[in-house]
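For the sequence shown, this note's numbering gives the first residue as 120, with consecutive numbering after it.
Please read the structure below before turning to the comments.
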Amino acid sequence: MRRPVGAGRSGKIMGKIMSRSDVDVVVVGAGFAGMYLLKRLRDAGFSHRVLEAGDDVGGTWYWNRYPGARCDISTTDYQFTWDPELHEQWTWSEKHAAQPEILRYAQFVAKKHDLYSGIDFEVRVDRAEWNDATHKWSIHTSTGETITCRHYVMATGCLSVPKEPDINGTDRFRGDVYVTGRWPHEGVDFTGKKVAVIGTGSSAIQSIPLIAEQASELVVFQRTPNYSIPAFNGPAPQYRVERLKADRAAYEAEARLSPTGVPITMPTVSALSVPRETAFEMLEVAWKKGELLEPGLVFMDAGTNRAANDVVAEFMRTKIREVVKDPVTAEILSPRKHPYGTKRPCMDTNYFQTYNLPHVRLVDLNSSPIRTITESGIEFGDESHDFDAIVYATGFDAMTGAIVSVDITGKDGVTLKKKWEHGPHNYLGLTTVGFPNLYMITGPGSPSVLSNMMVSIEQHVDWITDTIIDMRDKGFETIEPTPAAEESWRVHCTDCADITLFQETDSWYMGANVPGKPRVLFPYIGGVGRYRRICDEVRTRDYLGFVLEGSGKRQVNDGPIREIQPDVEMVLDMMATLGLPPIESMSPTDARAFSEASSAMRPTGPNVGEIVDGVLPGAGGDLNYRLYRPATTGPHPVVVYYHGGGWVFGSHVSDDPLCRAMCSMADVIIISVDYRHAPEDRFPAAADDGFAALKWVADNIESLGGVPGQIAVAGWSAGGNIAAVTAQTARDAGGPALRGQLLLTPVTDGSRQHPSHQQNASGYILTKSLMEWFWNHYADPSDRTNPKASPLLAKDLGNLPPAMIVTCQYDPLRDEGDAYADALRAAGVPVQHLKARGHIHTSITMVDALPSGVGPRQKMAAALKGFFA
Ligand code: N01
């Protein structure tokens, strides 16, 4: 199917003749994004021009015509949802549609909705400038035309500019040269030819088996081996088809709020919690589905924990060894350096099998690098080989290549290329400071290439169109993000990237494939659903982070959009779905049982050298303790640790993962001591036990394996309260002399009058009402002003040991911890104060469950070491 003759020349919109040189909106690109935009703009009555460099619609599916090009997302999911009739009118022939079929689909949609008449084909945009006086963009095209417009949308795709092959002598070769991303429309016949393929990414892995079917000789030049799973192509997955039939709307809604834009079941099992054999059985089930995302979704920690990821990676290597007969070739094809999923895994049909063919050879560029391309072939290692054709499957200048290939000049004459020299700074991946009314579809900073593109494209098109409709309705001419919002988006994107393994790998996701490109994770990895919620929230909060101007009006609603750590938010979201009863509605006995049951489900934490359980004399009877000894040779400094639990629940073992982590990271003995709990034993029982335990440990330090005099206290929450109180008691009692106190989100003030008690009253696990419940069980109101209950209220805070105090942004206790740090400092005590951004009361204790807690724990461990230095 070809586009109708005479397309792209319509000058009518909603019955009015529109000027073609001055329009409301210019869109660059007529791929799926440009097509849907055109439909929405037309329906909304905006005058528009859609400019496309190719001679047909389809975007990526127009350009990428190499043999074997297919979509790696199932056809049940990779299709438009905005026209429900399409589901009846179009039937896909297989699960992973091939390029010609997807292009036919694009053409079918374009014809059905008369999109051809709204597109100017074979027109390239060379330059675009913002005019701050007229509040319009001037768009200069390859045909010599200049179009002015209010809004300018780059719908240019993420993988549309092939990377220049950075190989010596590429211009010299006199044979046939092909680039997978710019494949000849008429196809290529390799029959009887000697062919070289350079690269082993998705494009190569899809095309190599088909090129091998024709070529008389095929040599594949591989720099980095890739993970690839078989597509097992055939009919669409039955379970998806059935769900769609039963309730398409629900399926689509789930996709839009899912992490990837495809309905999935989120994993809950750690790869490290099951035996290797079981893990492989689970992976086998996922592998057999032939769906790209499935193997990465078997385990909850494959994307965040290298050891967990290695389980998946080894499974994939096993699969390669099962297929490839020559063990040396199998090993060269086996990825070992990069974690699974940190480069986009590939989907293939007979890729690894191809290396069993006698006329196919794999060259490992790590041992035999290409020296140069010559007139007749390639010189590599100590060989020289003639070829009839060279295929460059060397990838793309991804995400930003197409955007900055147009010379876009914003306010104050700054070009986008210049602005993005050190990273593609943007707000929501949609807009960027200094470039009003410029929008990107699936740009850097949006889920884009880490999602089902169709879902992301539709969401972006809807957000942009709805925004400019809103602006028209309210009389605004311009919209531009604020620098603060852009910076907060950068921080949020970095927070998301930091908890994954992506940054370990040199990939095109990281810009690492193009020399000179800044090294950042270009796509947003926080997930499609979270991203959609954020974009929606921006609008419902009056365009949070944007300045809107027009008709003498100016609206600024500045502020950060997401400060909470992404993994913490995930835990909160997950807990919200569980509908658990509030702890304060339980009896202390039930609360203790609930706390123990929750602890049983968490990761255990790192191994330590030795764990010894014992009993020590408390102030009112024996107390249990657990000693964690490092694996290194002792003696070691000793930290007496007090657990959290609001003085009501918890025990010497309840903070086990945190104690293990502190022991191994700080190389100190941790002695976690129990204390009597309320309401059976109210104030000051816990405080008295805390001091008694310290004294016993100090007296027995040598026999415990410690260094005499090298002792400190630490505690979390109510345990932080006991640690702070114990430090004051030890000072007043003339010993034991402490080297330091580590207080993690401590309770310091029973008055609870600080703003954080209101600001973070609910929604962050420790609530204001739970804190009241704890205090009511622990101490009478008259006792709460006693410094043994509220160490902040002590008259003298001088001569206390150096402190490390950690407070968390979304903790009701934040301000009382901050106040204690300030007060100690004012009294001359050396204080390290870590204000953990985006954390909640509990998150830093969640070892191996929340990767964002690693940084704060490293600082806590460094502080412990520092106490004894
Ligand atoms: O590109 P790539 P691609 N010398 O960048 C190698 C999507 N896509 O076109 O890894 C030697 O992945 C490079 O080696 P290294 C999909 O998102 C989707 O294959 O840099 N080798 C690598 O092996 C995909 O991820 C489908 O060490 C050189 C290869 O070339 C994205 O497009 C199908 C080299 C490039 O791999 C890009 O895939 C196809 C040099 N100088 C593509 N320079 C679907 O299924 C580069 N390489 C939907």
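The beta-carbon is built from N, C-alpha and C at its ideal position, and this holds for glycine as well.
From a predicted model like this one, the values you see are computed outputs, not experimental measurements.
Query: Coil, strand or helix - G630 by DSSP; Result: coil
Query: Element boundaries [alpha helix (DSSP H), containing F893]; Result: 887 to 897
Query: Cβ-Cβ distance between T551 and G529 below 9 angstroms; Result: yes
Query: Residues of its chain near R359, where Cβ-Cβ distance is below 6 angstroms and the 5 sequence neighbours each way are ignored; Result: T195
Query: heavy atom of ligand 1 below 8 angstroms from T200 C-beta; Result: no
Query: Any non-hydrogen atom of ligand 1 closer than 8 angstroms to S322 Cβ; Result: yes
Query: Sequence ranges, beta strand (DSSP E) only - wholly within the stretch 941 to 971, length at least 3; Result: 950 to 959
Query: Span separating the alpha-carbon of R395 from that of V388; Result: 13 angstroms
Query: Strand pairing of Q674, partner residues [DSSP]; Result: L667
Query: Cβ pair count under 8 angstroms reaching 3, the stretch 925 to 938 against the stretch 867 to 884; Result: yes
Query: Distance cut-off 8 angstroms: N469 Cβ against heavy atoms of ligand 1; Result: no
Query: Beta-carbon gap between A846 and P920 smaller than 9 angstroms; Result: yes
Query: P284 beta carbon near ligand 1 (any heavy atom closer than 8 angstroms); Result: yes
Query: W180 versus V866 - alpha carbon distance; Result: 59 angstroms
Query: Where P736 falls, given that 16 or more other Cβ within 10 Å makes a residue buried; Result: exposed
Query: S875, enclosing alpha helix (DSSP H) - first and last residue; Result: 874 to 878
Query: Check whether Q674 and V666 have beta carbons under 9 angstroms apart; Result: yes
Query: In chain order, each beta strand (DSSP E) run of at least 3 residues that lies wholly inside the stretch 418 to 460; Result: none
Query: Per-residue burial, Q928 [other beta carbons within 10 Å of its own, 16 or more giving buried]; Result: buried
Query: Selection from F802, G825, G764, T723 that minimises the alpha carbon distance to P754; Result: G825
Query: T210 versus M466 - alpha carbon distance; Result: 22 angstroms
Query: At least three beta-carbon pairs within less than 8 angstroms, the stretch 350 to 358 to the stretch 494 to 512; Result: no
Query: Opening and closing residue of the alpha helix (DSSP H) in which R833 lies; Result: One point to set straight first is that residue 833 is Ala, not Arg, in the sequence displayed. First-last for A833: 825 to 835, but that is the beta strand (DSSP E), not the alpha helix (DSSP H).
Query: At least three beta-carbon pairs within less than 8 angstroms, the stretch 829 to 836 to the stretch 795 to 802; Result: no
Query: Backbone secondary structure at N840 - three-state DSSP; Result: helix
Query: Cβ contact check for the stretch 751 to 770 and the stretch 896 to 906: 3 or more pairs under 8 angstroms; Result: yes
Query: Residues bridged to I348 [DSSP beta-bridge criterion]; Result: M466
Query: Burial state of S377, where buried means 16 or more other Cβ atoms lie within 10 Å; Result: buried
Query: Proximity of K887 and W627 at Cβ, strictly below 9 angstroms; Result: no
Query: Contained beta strand (DSSP E) runs [length at least 3] in the stretch 233 to 264, N- to C-terminal order; Result: 244 to 250, 255 to 260
Query: Three-state secondary structure assigned by DSSP to K636; Result: coil
Query: Any non-hydrogen atom of ligand 1 within 8 angstroms of L278 CB; Result: yes
Query: N-terminal and C-terminal residue of the beta strand (DSSP E) that S791 is part of; Result: 788 to 792
Query: heavy atom of ligand 1 below 8 angstroms from V482 C-beta; Result: no
Query: DSSP three-state assignment for Y370, whether helix, strand or coil; Result: helix
Query: Burial state of L969 (16 or more Cβ within 10 Å); Result: buried
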